[in-house]
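K.L.:
Residue numbers for the sequence shown follow this note's numbering, so the first one is 48 and each next one is one higher.
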Amino acid sequence: SARYCSVKCQKQHRPQHKRGCKKRAAELRDELLFKQPESNHMGDCPICFLPLSFERKYSSMMACCSKIICNGCVHANQMREAAESSVPKHK
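1. Between Gln125, Ala72, Asp91, Arg50, which lies nearest to Ile116 when the distance is taken from Cα to Cα?
2. Taking Ser106 and Leu97 to be in contact with their CB atoms under 8 Å, please state how far apart those CB atoms are, rounded to whole angstroms.
3. First and last residue of the beta strand (DSSP E) that includes Cys117?
4. Could you spell out where the beta strand (DSSP E) holding Ser107 opens and where it closes?
5. Got a sec, what are the start and stop residues for the alpha helix (DSSP H) Leu75 sits in?
6. Since Pro98 sits in a beta bridge, which residues does DSSP pair it with?
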């Protein structure tokens, strides 16, 4: 943030300030966009690495490996399996 003594000074400095201001705005946007959520004692989903919810209804334990994964990854896996089963197998 820049402060100026007058509108005239602000307008004169705008070409130099605009470049730096745009760069900083892009940095702030990237920081917000790529900020990772903090983990909790439940751990992270081993597939998407997002923190698991405190509420068990939003995650499932996989019988094959006993790992707890988020329901988003469960749903994505079900969609993938459904798509694969509808594709004819080549012999």
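For every residue, glycine included, the Cβ atom is placed at its ideal position computed from N, Cα and C.
P.N.:
For this structure:
1. Asp91
2. That pair is no contact at about 10 Å.
3. 115 to 117
4. 106 to 108
5. 54 to 81
6. Asp91
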